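Heads up: the structure comes next, in structure tokens.
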Amino acid sequence: MRNVFVTGATGLLGNNLVRELVARGYAVKALVRSRSKGEQQFSDLPGVELIVGDMADVDAFAASLQGCDTVFHTAAFFRDNYKGGSHWAALEAINVGGTRDLLHQAYRGGIRRFIHTSSIAVLDGEPGASIDETCLRAEADADDYYRSKILADRVVLTFLDAHPDMHACMVLPGWMWGPGDMGPTSSGQLVKDVVNGKLPGLIPGSFAVVDARDVAWALIAAAKLGQRGERYLAAGRHMTMGQLVPVLGRIAGVKTPSRQLPLPLLYALATAQEIYARLTGKPILLSLATLRLVIREEHRTCFDPRKSEQVLGLRFRDLEETVADTVAWYREHGGFGKHNAVNTE
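So the sequence shown is numbered by the UniProt record's numbering: it starts at 1 and just counts up by one.
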């Protein structure tokens, strides 16, 4: 494995994966939707070839797969969780259909190793119970984003059944944090809202918080050590929002709310934020889909990492390091208001 193709290269995970691959001496073809955004992120990296394309039209960039021996598929559509509204058509086309098309085009191009970024969304369990890779979520119990990830996994496994010489496995990240979150994703939006004083209170729910750099490490380890057709958790540390936000505030040097907002107020805020998102096109922290999700999944985020630790050798860095590096990256890249641009603590 020396020449690799990375989808979703400018995303939080893809960006950190490309950097880790280059640091290890790999030649990387990085799929980006915007050349200017790709150049902004990777101009300092040797060995990265930018491929402009979109997972909605894999055929358009299929020729660029030639010469690669491994595909790392990190691209996904997930705006329903933080932009509001219904996005099933895009979720199905990109997360499901795009994965299917990418597998077929990679195989036609001679690639026989495919590492798929799945999600803890495909897993479920009894509230409070420890969840491992065998605890699969029923499609009927999934929201649209979760359903798209379940179906994408199914696409991978179906392809393996039909192509016995293809090797593929799946890595299941939790809620990713880390530097390089230009989007921003929901974690980056939370960091910005907390530091800029825009978080009115806490929301219910618990989360599996993981550093995107650790997930990138897991993907590379899966390409080397992962077994065909297997899933590997990269979920990280179980935390409630009431535990996470104070850590973020302490590291960023800002005051944080300590009161959980009542559900009627949360629903009103989520509705208002969805209207704002539709009018401005800007991301929000709390959509109705996100609120329903965190309420439903509040006690279902305790994940068992033993399989990934034993097979891949996966280890997770300290949460404080992840949060500190994330805050530092946003400060360096102008993600906060002027009064929070420098930590004066």
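Cβ coordinates follow ideal geometry from the N, Cα and C atoms, glycine included. The structure displayed is predicted, hence computed values, not measured ones.
### Query
At a cut of 8 Å, does the stretch 67 to 79 reach the stretch 135 to 144 through at least three beta carbon pairs?
Contact between the stretch 67 to 79 and the stretch 135 to 144 is absent, because fewer than three Cβ pairs lie under 8 Å.
### Query
Is there a Cβ from chain C that is less than 8 Å from the Cβ of residue 103?
In the structure shown, chain C does not exist; there is a single protein chain.
### Task
Specify whether the stretch 249 to 256 and the stretch 155 to 171 touch according to this definition: at least 3 beta carbon pairs, one from each stretch, less than 8 Å apart.
Touching, no.
### Query
Between 113, 78, 119, 335, which lies nearest to residue 209 when the distance is taken from Cα to Cα?
Indexing the sequence shown from 1 puts residue 209 at position 209. Comparing Cα positions, the closest option is 119.
### Message
Looking at the secondary structure, which residues open and close the beta strand (DSSP E) in which residue 114 lies?
### Response
Along the sequence shown, one-based indexing puts residue 114 at 114. For residue 114, the enclosing beta strand (DSSP E) covers residues 113 to 117.
### Task
Taking the CB atoms as reference points, tell me whether residue 29 and residue 51 lie closer together than 8 Å.
Along the sequence shown, read from residue 1 onward, the residue named residue 29 stands at position 29. Along the sequence shown, read from residue 1 onward, the residue named residue 51 stands at position 51. Yes, the pair counts as a contact, with Cβ atoms nearer than the cut-off.
### Query
Would a C-beta distance cut-off of 8 Å place residue 206 and residue 238 closer than the cut-off?
Here the question's residue 206 lines up with position 206 in the sequence shown. Here the question's residue 238 lines up with position 238 in the sequence shown. Contact: yes.
### 8 Å CB neighbourhood of residue 313 in its chain, flanking five on each side removed
Here residue 313 refers to the residue found at position 313 of the sequence shown. So the qualifying residues of the chain are 221, 225.
### Message
Checking the sheet assignment: what are the DSSP bridge partners for residue 130?
### Response
Sequence index remark: in the sequence shown, residue 130 carries index 130 (1-based). Paired residues: none, contrary to the question.
### Query
residue 308 and residue 234: beta carbons closer than 8 Å?
Looking up residue 308 in the sequence shown gives position 308. Looking up residue 234 in the sequence shown gives position 234. Yes, the Cβ-Cβ distance between residue 308 and residue 234 is below 8 Å.
#### Entry: Own chain partners of residue 251 with C-beta closer than 7 Å, once the 5 adjacent residues on each side are dropped
Counted from its first residue, the sequence shown places residue 251 at position 251. These residues qualify, in order along the chain: 320, 323, 324, 327.
### Query
For residue 299, which of 317, 240, 267, 286 has the nearest alpha-carbon?
Reading the sequence shown from its first residue, position 299 is the one you call residue 299. Measuring from the Cα of residue 299, the nearest candidate turns out to be 240.
### Query
Which same chain residues, not among the five before or five after residue 76, have their C-beta less than 6 Å away from its C-beta?
Position 76 of the sequence shown, counted from the first residue, corresponds to residue 76. Hits under 6 Å: 95.
### Query
Span of the alpha helix (DSSP H) holding residue 415?
One cannot answer for residue 415 here, as it falls past the ends of the chain, which runs 1 to 345.
### Message
Between the alpha carbons of residue 65 and residue 259, how many angstroms are there, rounded?
### Response
On the sequence shown, position 65 is the one that residue 65 refers to. On the sequence shown, position 259 is the one that residue 259 refers to. Roughly 51 Å separates the two Cα atoms.
### Task
Report the rounded CA-to-CA distance for residue 193 versus residue 112, giving the unit in angstroms.
Within the sequence shown, numbered from 1, the residue matching residue 193 stands at position 193. Within the sequence shown, numbered from 1, the residue matching residue 112 stands at position 112. Distance between the alpha carbons of residue 193 and residue 112: 43 Å.
#### Entry: Three-state secondary structure (DSSP) of residue 137
If you number the sequence shown from 1, residue 137 lands on position 137. Looking at residue 137 - three-state DSSP - the assignment turns out to be coil, as it is neither helix nor strand.
### Query
Would a C-beta distance cut-off of 8 Å place residue 346 and residue 57 closer than the cut-off?
The requested residue 346 does not occur in the structure, where the chain is confined to residues 1 to 345.
#### Entry: CA-to-CA distance, residue 243 to residue 267, given in whole angstroms
What you label residue 267 is simply residue 267 of the sequence shown in a count that begins at 1. What you label residue 243 is simply residue 243 of the sequence shown in a count that begins at 1. Cα to Cα, the separation comes out at about 22 Å.
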